[in-house]
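Using the numbering used here, the letters of the sequence shown correspond one by one to residues 1 to 161.
Even glycine gets a Cβ: it sits at the ideal position worked out from N, Cα and C.
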Amino acid sequence: MTQKNENAMRVYELLQRQNIIIGVENASKKEIIEQFMQHLLQDNVDTSIRNGILKAILKRESMESTGIGNGIAIPHAKLEQIENFHIILGLSHSGIDFDAIDSKPVHIIFLVICPEKQKILYIRILARLARLLHNNNFRNGLLKQKTPDDVLNFIKQYESF
């Protein structure tokens, strides 16, 4: 991927419809992350690599929660073993205990997995997510979406500004 392509990359371009989970409920942080790992199998990620990703994310979570407050969590990891960027989004109406810094339940979870060689894109996508999720209207609107297609269209609309 060239530098120019990395600059132009948007969240909606990396988020695939099958990796949007609406109705993530009644589970622990670890169970949610494990559920998200199952979606990586749909992306043809080898089981051993998927297990490595799970281990890296859980290790990162044990050091400091990625529950950043305002109902948001962004668990993330960079790994040499993967070749493609993956984003998985989970939406929870009841909220998940994610050990967030504000101790409130998490309703929006973006899991971001990046190849080690794409550090610049990784940082840019995390920054883009932070900017989007800082917007209260974006967060509230995202939670109102009913289908994965609705979610993608909603994110695309916000990223087009």
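Query - Supposed close pair I24, G71 - CB separation, criterion 8 Å - result: In the sequence shown, the residue the question calls residue 24 occupies position 24. In the sequence shown, the residue the question calls residue 71 occupies position 71. What sits at residue 24 in the sequence shown is Val, not Ile. Not confirmed; about 12 Å, so no contact.
Query raised in the report: Taking buried to mean at least 16 other C-beta atoms within 10 Å of its own C-beta, is N137 buried or exposed?
Result: As a working mapping, residue 137 is identified with position 137 in the sequence shown. Counting Cβ neighbours within 10 Å, N137 comes out exposed, since fewer than 16 surround it.
Query raised in the report: To which residues of the same chain is I125 closer than 8 Å at the C-beta, ignoring the five residues directly before and after it?
Result: Here the question's residue 125 lines up with position 125 in the sequence shown. Same-chain partners within the cutoff: M9, V11, L14, F85, I87, V112 and C114.
Query raised in the report: On the premise that F98 lies in contact with S48, defined as a C-beta separation below 8 Å, what is that separation, rounded to the nearest angstrom?
Result: Against the sequence shown, residue 48 aligns to sequence position 48. Against the sequence shown, residue 98 aligns to sequence position 98. Incorrect: roughly 26 Å between the Cβ atoms, too far for contact.
Query raised in the report: Are there 16 or more other CB atoms within 10 angstroms of the CB of H93, so buried, or fewer, so exposed?
Result: Within the sequence shown, residue 93 is the residue found at index 93, counting from 1. With fewer than 16 Cβ atoms within 10 Å of its Cβ, H93 is classed as exposed.
**Report entry** Inter-residue Cα distance where the pair is F110 and P75
**Finding:** Along the sequence shown, read from residue 1 onward, the residue named residue 110 stands at position 110. Along the sequence shown, read from residue 1 onward, the residue named residue 75 stands at position 75. Using only the alpha carbons, I get a separation of about 7 Å.
Requested in this report: At 3 residues or longer, and completely inside the segment 77 to 141: list those beta strand (DSSP E) runs for me, N to C.
Outcome: 86 to 96 and 106 to 115
Requested in this report: Whole angstroms is fine: what's the gap from A77's alpha carbon to K55's?
Outcome: In the sequence shown, residue 77 corresponds to position 77, counting from 1. In the sequence shown, residue 55 corresponds to position 55, counting from 1. Cα to Cα, the separation comes out at about 10 Å.
Requested in this report: Taking L132 as the reference, give the member of K144, K156 and I57 with the closest Cα.
Outcome: Against the sequence shown, residue 132 aligns to sequence position 132. Answer by Cα proximity: K156.
Query raised in the report: Q81 to D46, Cα distance in whole Å?
Result: On the sequence shown, residue 81 is found 81 positions in, with the first residue counted as 1. On the sequence shown, residue 46 is found 46 positions in, with the first residue counted as 1. Each residue's alpha carbon lies about 10 Å from the other.
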